[in-house]
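Accompanying notes for the structure given below.
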Ligand SMILES: NC(=O)c1ccc[n+]([C@@H]2O[C@H](COP(=O)([O-])OP(=O)(O)OC[C@H]3O[C@@H](n4cnc5c(N)ncnc54)[C@H](O)[C@@H]3O)[C@@H](O)[C@H]2O)c1
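Numbering (my numbering), first residue to last: 139 to 522.
Dropping the structure here:
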């Protein structure tokens with residue numbers, strides 16, 4: 139099929155490569171003149187690496203390249219069956235793009251946004267045919283991360299949802315369906331991984347290195363929260379937290395931290411700026427964690443139970459199915475286990491007791507247990 143992609147930045151470029159690898163003809167458009175050169179260089183580099191590693195043949199690399207056409211105007215989208223937008227996170231810009239796209243494409247073309255934090259219903263709100271509009275949310279880097287969240291808006295047709303899911307499944311991705319609520323699945327449920335870790339640091343229980351060590355050692359996470367925030371970029375991670383918090387009408391569960399805000403203000407953005415929670419300069423001293431077993435386990439349990447509570451709440455509010463919630467966290471952010479499966483293993487009564495203990499200690503709404511956990515304990519149920 140013919141796929142139009144708007145925005146050839148980090149995400150649009152990756153999505154174009156994924157679509158072209160699956161054999162689609164891709165038309166890629168970006169308003170920034172130098173984007174084409176940047177894209178070509180990036181694609182060549184990616185494809186040569188894949189050939190070198192023998193993941194694809196030279197012929198396949200040539201075919202992928204041939205499948206992508208950079209276009210200088212969106213008029214080229216006329217025969218596209220699907221158009222995915224991946225430009226800056228600005229609702230007015232996105233709406234004006236779809237206003238143009240709708241006047242170009244045919245009746246049956248699916249229109250999709252890759253937005254991380256805007257409401258799909260809100261972007262579709264100014265479309266002539268909001269019923270063909272949907273969220274198709276890839277993760278960074280789109281070529282490597284298997285997960286794609288599919289988000290129907292209030293007006294989206296069931297057929298558009300089914301067709302979009304089928305298309306993205308056929309591109310070799312793992313799709314999950316999410317309700318159009320802030321952060322969808324992953325960016326909502328993952329908040330405590332960062333927020334609770336920072337809170338533990340702010341309270342003086344442990345330093346960054348110890349918290350990271352605890353989450354990796356006792357939880358099997360590939361990266362600790364501070365390493366991950368430095369990897370993502372503190373500016374990006376902070377903005378997601380702030381957006382989710384505001385969009386949930388300042389629910390204290392998602393409250394951003396001064397620690398991370400100050401990091402952003404100090405331009406300690408993480409790896410990309412050479413310094414974040416850690417110093418990435420050559421020869422910088424790597425801080426040693428305090429490998430106290432009891433401390434480590436307490437840190438891990440507190441963060442994990444907060445994550446489980448968030449996953450349980452998402453299930454309770456029908457944000458996604460049990461399987462999709464677990465798949466989203468393992469395939470979208472590499473968690474070692476699905477959170478609901480993990481909850482069963484930890485024991486639902488233990489999770490509830492931990493939440494209630496935190497709530498009794500702090501008397502903060504941030505620590506309120508999900509009613510899902512309470513009901514399950516009352517009924518003696520597990521998630522699976
Ligand atoms: N970066 C991530 O980790 C990530 C992950 C998932 C989703 N997203 C979402 O994907 C979208 C794009 O993010 P990104 O990180 O690729 O951004 P980016 O800044 O890397 O790329 C955006 C591109 O859009 C182009 N652009 C801006 N306005 C345009 C217009 N009017 N017409 C055509 N092109 C235009 C820019 O020139 C740029 O090349 C955002 O909505 C973001 O929320 C980002």
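Backbone N, C-alpha and C fix where the C-beta goes; we use that ideal spot for every residue, glycine too.
Cross-strand partners of residue i (DSSP beta bridge)
i: residue 250; result: 222 and 272
i: residue 343; result: BP columns for residue 343 are empty, so no partner.
i: residue 140; result: 163
i: residue 413; result: 408 and 417
Proximity test, residue i beta-carbon vs ligand 1 heavy atom, cut-off 7 Å
i: residue 323; result: no
i: residue 275; result: yes
i: residue 227; result: yes
i: residue 130; result: The question about residue 130 has no answer here: the residues shown for the chain are numbered 139 through 522.
i: residue 302; result: no
i: residue 449; result: no
i: residue 149; result: yes
i: residue 168; result: yes
i: residue 224; result: yes
i: residue 412; result: no
i: residue 254; result: yes
i: residue 250; result: no
i: residue 278; result: yes
i: residue 145; result: yes
i: residue 446; result: no
i: residue 272; result: no
i: residue 347; result: no
i: residue 173; result: yes
i: residue 437; result: no
i: residue 231; result: yes
i: residue 261; result: no
i: residue 235; result: yes
Residue interval of the beta strand (DSSP E) (run including residue i)
i: residue 163; result: 163 to 167
i: residue 285; result: 285 to 290
i: residue 259; result: Not the beta strand (DSSP E): residue 259 falls in the alpha helix (DSSP H), residues 258 to 262.
i: residue 206; result: 206 to 209
i: residue 281; result: Element bounds for residue 281: n/a, residue is neither H nor E.
Where the alpha helix (DSSP H) containing residue i begins and where it ends
i: residue 313; result: Here residue 313 belongs to no alpha helix (DSSP H); instead the beta strand (DSSP E) covers 312 to 315.
i: residue 465; result: 460 to 470
i: residue 173; result: 173 to 190
i: residue 450; result: 431 to 454
i: residue 234; result: 229 to 242
i: residue 512; result: 509 to 517
i: residue 402; result: 396 to 403
i: residue 481; result: 477 to 484
i: residue 427; result: Note, residue 427: premise wrong, no alpha helix (DSSP H); not H, not E.
i: residue 375; result: 372 to 385
i: residue 391; result: Careful: residue 391 lies outside any alpha helix (DSSP H) and carries neither H nor E.
i: residue 533; result: Nothing about residue 533 can be reported from this structure: the residues present for the chain run from 139 to 522 only.
i: residue 308; result: 296 to 308
Problem set entry | the stretch 500 to 515 / the stretch 383 to 391 touching (three or more Cβ pairs under 8 Å) | Judged by Cβ distances under 8 Å, the stretch 500 to 515 makes contact with the stretch 383 to 391, as three or more pairs qualify.
Problem set entry | Stretch-stretch touch, CB-based, cutoff 8 Å, three pairs: the stretch 422 to 433 with the stretch 478 to 496 | The answer is no - the stretch 478 to 496 does not touch the stretch 422 to 433, with fewer than three Cβ pairs under 8 Å.
Exercise. On the three-pair Cβ rule with 8 Å, is the stretch 185 to 193 touching the stretch 207 to 219?
Worked result: Counting C-beta pairs with one atom in each stretch, the stretch 185 to 193 and the stretch 207 to 219 have fewer than three that are closer than 8 Å, which means they do not touch.
For this session: Tell me, please, whether the stretch 245 to 261 touches the stretch 172 to 179 by the rule of three or more beta-carbon pairs shorter than 8 Å.
Result: Cβ pair count under 8 Å is below three, so no.
Exercise. Is there contact between the stretch 274 to 287 and the stretch 338 to 358, where contact requires at least three CB pairs shorter than 8 Å?
Worked result: Because the criterion of three Cβ pairs below 8 Å is not met, the stretch 274 to 287 and the stretch 338 to 358 do not touch.
Problem set entry | Given 8 Å, three or more beta-carbon pairs between the stretch 451 to 466 and the stretch 265 to 272 | In this structure the stretch 451 to 466 does not touch the stretch 265 to 272; the number of beta carbon pairs closer than 8 Å is below three.
Problem set entry | At least 3 beta-carbon pairs within less than 8 Å: the stretch 192 to 206 vs the stretch 158 to 168 | Contact holds: three or more Cβ-Cβ distances are below 8 Å.
Problem set entry | Any 3 or more C-beta pairs closer than 8 Å across the stretch 489 to 500 and the stretch 439 to 451 | Taking 8 Å as the limit for Cβ pairs, the verdict is that the stretch 439 to 451 does touch the stretch 489 to 500.
Problem set entry | Sufficient close CB pairs (3 or more, under 8 Å) joining the stretch 376 to 385 to the stretch 321 to 336 | Yes: at least three Cβ pairs fall under 8 Å.
Problem set entry | the stretch 142 to 149 in contact with the stretch 225 to 242 per 3-pair CB rule at 8 Å | For the pair of segments examined, the stretch 142 to 149 was found to touch the stretch 225 to 242: the number of CB pairs separated by less than 8 Å reaches three.
For this session: Would you check if there are 3 or more beta carbon pairs closer than 8 Å linking the stretch 292 to 300 to the stretch 400 to 415?
Result: With a cut-off of 8 Å, the stretch 400 to 415 and the stretch 292 to 300 do not count as touching, because too few Cβ pairs lie within range.
For this session: Assess, as a yes-or-no matter, whether the stretch 350 to 362 is touched by the stretch 467 to 482 under the definition of 3 or more beta carbon pairs within less than 8 Å.
Result: Contact between the stretch 467 to 482 and the stretch 350 to 362 is present, because at least three Cβ pairs lie under 8 Å.
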